[in-house]
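*Asks:*
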Amino acid sequence: TIEERIVELTRENGRLRREITYYPHLVDKVLTPLMPLLEYHINGLHSAVQKFNAKIERANSQWQAEEG
């Protein structure tokens, strides 16, 4: 019925309003403080990948020199 739909939409509206107030809190209290730590680990992973790629390049160069 229309009355039931109004009740359903009112509840959903309340839930959405609570989410709107929750997410800025989540960003301010959790995600923003985590950013420096995430950047630190991202930089470490990037460095590890670069070192691994350099080793692969050296191995490929040696292999090509031995084959050539």
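If you count by our numbering, then the sequence shown holds residues 1 to 68, one letter each, in order. We put the CB at the ideal spot given by N, CA and C, even for glycine.
Look up G44 in the DSSP assignment and say whether it is helix, strand or coil.
*Replies:* As a position in the sequence shown, residue 44 is number 44, starting the count at 1. Of the three classes helix, strand and coil, the one that applies to G44 here is helix, per DSSP.
*Asks:* Which of the three DSSP states, helix, strand or coil, is assigned to G68?
*Replies:* Against the sequence shown, residue 68 aligns to sequence position 68. G68: coil per DSSP, three-state reduction.
*Asks:* Express the C-alpha separation of I20 and L26 in angstroms, rounding to a whole number.
*Replies:* Taking the sequence shown and counting its residues from 1, one reaches residue 26 at position 26. Taking the sequence shown and counting its residues from 1, one reaches residue 20 at position 20. Roughly 10 Å separates the two Cα atoms.
*Asks:* Could you tell me the alpha carbon to alpha carbon distance between E3 and T10, rounded to whole angstroms?
*Replies:* Here the question's residue 3 lines up with position 3 in the sequence shown. Here the question's residue 10 lines up with position 10 in the sequence shown. The alpha-carbon atoms of E3 and T10 are separated by roughly 11 Å.
*Asks:* From R5 to Y23, what does the alpha carbon distance come to, in whole angstroms?
*Replies:* Indexing the sequence shown from 1 puts residue 5 at position 5. Indexing the sequence shown from 1 puts residue 23 at position 23. Those two C-alpha atoms are separated by around 27 Å.
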